[in-house]
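Worksheet: the structure to be examined is printed underneath.
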Amino acid sequence: MATFITYAVIITILAVISAYKLGTEPKERGELFLGAFVAFASLALIVEGISYIVGLVSMTLFNFHPAISMHLLLTVCWVYCLIEFLTFVFKQTK
């Protein structure tokens with residue numbers, strides 16, 4: 001539950017920042033917020049899905065429980081992707 005709440009807060013904050021930076025009108029910002037929210041939520045879902053599959057395969061094949069290390073690695077990858085996306089967004093607005 002804590003992971004879900006953390007993802008929801010982070011995704012909402014990033015969507016608000018993206019919508020505010022890209023939009024000029026309130027209606028446009030609302031549409032951009034929804035699009036950015038869906039994009040960031042999809043990215044988080046993909047990362048968690050990959051984390052689950054890799055953890056399942058490694059526990060089955062190697063009797064190794066990578067919960068902490070794999071989650072940390074994929075979270076770092078997720079943060080890197082977000083930084084790259086926000087850098088791209090900010091370059092487009094200049």
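Number 91 in UniProt numbering belongs to position 91 of the sequence shown; there are no gaps in the numbering.
Virtual Cβ for every residue (Gly too), placed ideally from N, Cα, C.
From a predicted model like this one, the values you see are computed outputs, not experimental measurements.
Exposure label - residue i; buried when at least 16 CB within 10 Å
i           : result
residue 96  : This structure cannot settle anything about residue 96, because the visible part of the chain is limited to 1 through 94.
residue 100 : The requested residue 100 does not occur in the structure, where the chain is confined to residues 1 to 94.
F33         : buried
L73         : exposed
I11         : buried
S42         : exposed
L14         : buried
Touching by the beta-carbon criterion (3+ pairs, under 8 Å), the region 17–33 and the region 46–63: no
Ranges of the alpha helix (DSSP H) found wholly within the region 2–83, counting only runs of at least 4: 2–22, 26–62
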